[in-house]
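To start, the structure under review is shown below, and the notes come after it.
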Amino acid sequence: MAERKPQYPETGDLVIATIETVTDYGAYAKLDEFDKRGLLHVSEISSSWIRNIRDFVRENQKVTLKVLRVDREKGHIDLSLRRVTKRERIEKVKSWKKERKADALIRGVAEKTGVTLEEVIAKTIPAITQKYDLYEAFEKAAIEGAEVLTDLGIDAAIAEAFATEAQERIHVKLVKVRGVLEIKAPSENGVKVIKEAFHKAKPEKVKDAKITFYVVAAPKYQIEVQAENYKRAEDVMQKTADNITSYVNKAGGEGSFRREK
Numbered sequence: 044m045a046e047r048k049p050q051y052p053e054t055g056d057l058v059i060a061t062i063e064t065v066t067d068y069g070a071y072a073k074l075d076e077f078d079k080r081g082l083l084h085v086s087e088i089s090s091s092w093i094r095n096i097r098d099f100v101r102e103n104q105k106v107t108l109k110v111l112r113v114d115r116e117k118g119h120i121d122l123s124l125r126r127v128t129k130r131e132r133i134e135k136v137k138s139w140k141k142e143r144k145a146d147a148l149i150r151g152v153a154e155k156t157g158v159t160l161e162e163v164i165a166k167t168i169p170a171i172t173q174k175y176d177l178y179e180a181f182e183k184a185a186i187e188g189a190e191v192l193t194d195l196g197i198d199a200a201i202a203e204a205f206a207t208e209a210q211e212r213i214h215v216k217l218v219k220v221r222g223v224l225e226i227k228a229p230s231e232n233g234v235k236v237i238k239e240a241f242h243k244a245k246p247e248k249v250k251d252a253k254i255t256f257y258v259v260a261a262p263k264y265q266i267e268v269q270a271e272n273y274k275r276a277e278d279v280m281q282k283t284a285d286n287i288t289s290y291v292n293k294a295g296g297e298g299s300f301r302r303e304k
């Protein structure tokens, strides 16, 4: 819905389909993403011997199929089930689900802002898809906020609506890493130095990670970072710890950091 799809799939494409009719010679399937029907011949259902076709496909079943041939003049589409690998099936279903979520999110923004669906699409999708996949952009907006979209030139009100809708609909799984800081500051202004060190610790422009500090027992403090992946979380944690220890050392104190296993 969000991106205008061609009328027909291309040869070699993977498609999500719903089995409509099962016959002795195969099955007819509706291509959910194209609103077309295709034929899944019995020879393309399985590499093994088929005694009962319904042991492999049945009416109303969702399947991932590969497009073998497309005849646009006749409207014929030949499909295959047996040529789809397990990995291809998993990846296709995953991307299809993300596409559906993105479509639902766009419709939600249109409803809540009172802007027509067509206008929301026209004002946002071209700008987003120049840099991101739709779902990727909405995931980033859920974590980092509307600025992800305003940076692309999207109207602030619509961008804010997208960020809010994304936060409600998309639950991004974050990884968590921890480390321990040991800080000793000069006694005459130690509390002030430590407070300022933590206040200035967060690396600039970090919006895709959540940083939290906890007191373990002075002089030990725990730093916890949540991000989309371990590499990013580790990088943010190390930079944050470096900022703190550097500030404390320059103030005449001592600072060290170790990562928790």
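Position one of the sequence shown corresponds to residue 44 (the numbering used here), numbered consecutively onward. A virtual CB, placed ideally from N, CA and C, is assigned to each residue, including glycine.
Coil, strand or helix - residue i by DSSP
i, result
"Ala-294", "coil"
"Gly-188", "coil"
"Ser-123", "strand"
"Arg-302", "strand"
"Arg-80", "strand"
"Thr-159", "coil"
"Tyr-178", "helix"
"Pro-49", "coil"
"Pro-169", "helix"
"Thr-54", "coil"
"Ser-90", "coil"
"Lys-282", "helix"
"Tyr-249", "Looking at the sequence provided, one finds Val at residue 249 rather than Tyr. Coil, per DSSP."
"Gly-102", "Residue 102 is actually Glu in this sequence, not Gly. In the structure shown, Glu-102 sits in coil (DSSP, three-state: anything other than H, G, I, E or B)."
"Lys-274", "helix"
Residue span of the alpha helix (DSSP H) that contains residue i, given as start and end
i, result
"Arg-143", "129-156"
Where the beta strand (DSSP E) containing residue i begins and where it ends
i, result
"Thr-255", "252-260"
"Val-234", "No beta strand (DSSP E) contains Val-234, which is instead part of the alpha helix (DSSP H) from 233-242."
"Val-31", "In the structure as shown, the chain starts at 44 and stops at 304, and residue 31 therefore has no counterpart that could be examined."
"Ile-266", "263-270"
"Val-110", "105-114"
"Tyr-71", "69-74"
CB contact flag (residue i, residue j, <8 Å)
i, j, result
"Ser-268", "Val-279", "The sequence shown places Val at residue 268, not Ser. Yes, these two residues count as a Cβ contact at 8 Å."
"Ile-93", "Val-106", "no"
"Ala-185", "Ile-149", "no"
"Arg-275", "Ala-252", "yes"
"Lys-109", "Leu-122", "yes"
"Ala-170", "Ile-197", "yes"
"Leu-83", "Val-58", "no"
"Ala-294", "Ala-228", "yes"
"Leu-124", "Glu-87", "yes"
"Val-291", "Ala-240", "yes"
"Phe-300", "Leu-195", "no"
"Lys-155", "Ala-204", "yes"
"Glu-76", "Lys-117", "no"
"Tyr-68", "Arg-80", "no"
"Thr-54", "Val-127", "no"
"Glu-271", "Leu-217", "yes"
Any C-beta of chain C under 8 Å from that of residue i
i, result
"Ala-294", "No chain C appears in this structure, which consists of one protein chain only."
Hey, which unbroken runs of the beta strand (DSSP E) at 3 residues or more fall wholly within the region 183-230? 218-227
Between the region 222-242 and the region 172-179, are three or more C-beta pairs nearer than 8 Å? no
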